[in-house]
Amino acid sequence: PREDYGNLFEPLLMVSNDNGKTWSEPIPVVPAEYRGNWGGEEWDAAELPNGDLLSVFRRRVPELKAEARWQGVLKKSGDSWTTGEVGPAPFPHSGHPELLATKEGPILHVATSGIHFTNDAGKTWHQLEVPGSAYYPRAVQATDSRIFVFAHIGSDDAYGATDQSIVMDTFRLEKR
């Protein structure tokens, strides 16, 4: 069954110091006590000013029989990272996680349910007054500080089953 197969998934990190010619051994990114039933491989990370990685994960929570967002911080350790505590994130599950470390400082979490930001490594999150993204977003920031979010309409539907398209949204961050 899919649930049993999903229990085999475990998120990991691999690092290259030579532009992808060689890669490190897999680095665990969730604590050992969760690895046997994590139930998801999708996650994203954004680098904090001190080199740590704020991470947001898509995982299946067996006791809830549901998918959820979890978060944690990977601590920088030499040329690698070590796992830290992980726990539920304050926003709902919404496809593949997407994080963006912005030039202005905040880290964004982009999702269909809304775009949130943190200035304190995920201790608190605040929702921006912009619409959520389409499905499976990818965000980048241009040199002029505009943030572009690319995503798709059609969810996991088979190609041609519904009206499908790639969409783009753009916005800037402003201090208030």
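In the numbering used here, the protein residues as written are 353 to 528. Even for Gly, the Cβ is constructed at its ideal location relative to N, Cα and C.
Under 8 Å Cβ to Cβ from Trp477, same chain only, skipping five residues before and after it: list those, please.
-> One-based indexing of the sequence shown puts residue 477 at position 125. Ala441, Pro442, Phe443, His461, His468, Phe469, Thr470.
Given that a residue counts as buried once 16 or more other Cβ atoms are within 10 Å of its Cβ, and exposed if not, what is Ala397?
-> As a first step, residue 397 must be located in the sequence shown, where it is residue number 45. Ala397 is buried by the Cβ-count criterion.
Less than 7 Å between the CB of Phe523 and some heavy atom of the ligand COA, yes or no?
-> The ligand COA is absent from the structure shown, which contains no ligands of any kind.
Residues near Val413 by beta carbon distance below 6 Å, same chain, minus five either side = Counting from one through the sequence shown, the residue named residue 413 turns up at place 61. Once the five neighbours on either side are set aside, the close Cβ partners of Val413 are Ala420.
Nearest-angstrom Cα separation, counted from Ile459 out to Lys475 | Walking along the sequence shown from the start, residue 475 turns up at place 123. Walking along the sequence shown from the start, residue 459 turns up at place 107. Distance between the alpha carbons of Lys475 and Ile459 is about 12 Å.
Evaluate Asp404 with the Cβ neighbour count: other Cβ atoms within 10 Å of its Cβ, from every protein chain shown; 16 or more gives buried, anything less gives exposed.
-> Here the question's residue 404 lines up with position 52 in the sequence shown. Burial call: buried.
When we look at the beta-carbon of Ser368 and count the other beta-carbons within 10 Å, is it buried (16 or more) or exposed?
-> The residue given as residue 368 occupies position 16 in the sequence shown. Label assigned to Ser368: exposed.
In terms of DSSP beta bridges, what is Gly466 paired with?
-> To locate residue 466, count along the sequence shown from 1; it is residue 114. Paired residues: Ala463.
Classification of Trp395 by the beta-carbon crowding that lies within 10 angstroms, buried from 16 upward = Residue numbering aside, residue 395 sits at position 43 when the sequence shown is read from its first letter. By the neighbour-count rule (16 or more Cβ atoms within 10 Å), Trp395 is buried.
Which residue comes first and which comes last in the alpha helix (DSSP H) that contains Glu385?
-> Position 33 of the sequence shown holds residue 385. Per DSSP, Glu385 belongs to the alpha helix (DSSP H) from 384-387.
Could you tell me if Trp529 is buried or exposed, where buried requires 16 or more neighbouring beta carbons within 10 angstroms of its beta carbon?
-> With the chain represented from 353 up to 528, any question about residue 529 goes unanswered, as that position is not in the structure.
Taking the alpha-carbon positions, what's the Trp433 to Ile379 distance?
-> On the sequence shown, position 81 is the one that residue 433 refers to. On the sequence shown, position 27 is the one that residue 379 refers to. As the crow flies, the alpha-carbon of Trp433 is around 7 Å from that of Ile379.
Do Pro383 and Val438 have their C-beta atoms within less than 8 Å of each other?
-> Here residue 383 refers to the residue found at position 31 of the sequence shown. Here residue 438 refers to the residue found at position 86 of the sequence shown. Yes, these two residues count as a Cβ contact at 8 Å.
Straight-line Cα distance separating Lys455 from Phe500 = One-based indexing of the sequence shown puts residue 500 at position 148. One-based indexing of the sequence shown puts residue 455 at position 103. Whole-angstrom Cα-Cα distance: 13 Å.
Cα separation between Glu377 and Leu365?
-> In the sequence shown, the residue the question calls residue 377 occupies position 25. In the sequence shown, the residue the question calls residue 365 occupies position 13. Near 8 Å, if we compare the C-alpha coordinates of Leu365 and Glu377.
With C-beta atoms as the reference, is Leu406 less than 8 Å away from Val425?
-> To locate residue 406, count along the sequence shown from 1; it is residue 54. To locate residue 425, count along the sequence shown from 1; it is residue 73. Going by C-beta atoms, Leu406 is nearer than 8 Å to Val425.
CB-CB under 7 Å to Leu400, same chain, minus the five flanking residues each way: which ones, in chain order?
-> Here residue 400 corresponds to residue number 48 of the sequence shown, with the count starting at 1. Closer than 7 Å at the Cβ level, and outside the excluded window around Leu400, lie Leu406, Ala473.
To the nearest angstrom, how far is it from the Cα of Gly388 to the Cα of Asn359?
-> Indexing the sequence shown from 1 puts residue 388 at position 36. Indexing the sequence shown from 1 puts residue 359 at position 7. Computed Cα separation, rounded: 6 Å.
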